[in-house]
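One structure below.
Residue numbers (my numbering): -9 to 107.
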């Protein structure tokens, strides 16, 4: 109810986002995931193997601000140690894919292809 929503808003003092979701109509579900990821400070990053067209369907979950090197290490410690370069596909890039180094900062939804020595 509107009354309960106001009580909740007053209780949280705007420190936490409030998402109204209906289990019956499913209204609000489309925004729930995005709000959760933002609130938790995490991103989804997909990987792609060299020479393959399709990227992974299951993302790696990383902290916001993670780099390509962080992703490489989370896949396998050897990837972090033997990292050479990566290709990143992203809507925010002028050229996609773009060849990047280990310090390139990833964002939610990026697709990364890692190359090792």
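No residue lacks a Cβ here, since even glycine has one placed at the ideal position from N, Cα and C.
Going by beta-carbon coordinates alone, are residue 25 and residue 49 separated by less than 8 Å?
Contact: no.
Go ahead and pull the three-state DSSP assignment for residue 77.
When DSSP states are grouped into helix, strand and coil, residue 77 belongs to the strand group.
With a cut-off of 8 Å, do at least 3 Cβ pairs link the region 52 to 62 to the region 13 to 22?
With the rule of 3 Cβ pairs closer than 8 Å, the region 52 to 62 does not count as touching the region 13 to 22.
First through last residue of the alpha helix (DSSP H) which encompasses residue -7:
For residue -7, the uninterrupted alpha helix (DSSP H) run begins and ends at -8 to 2, by DSSP.
Out of 30, 31, 32, 47, which one is the CA nearest neighbour of residue 38?
When only C-alpha atoms are compared, the closest one is 47.
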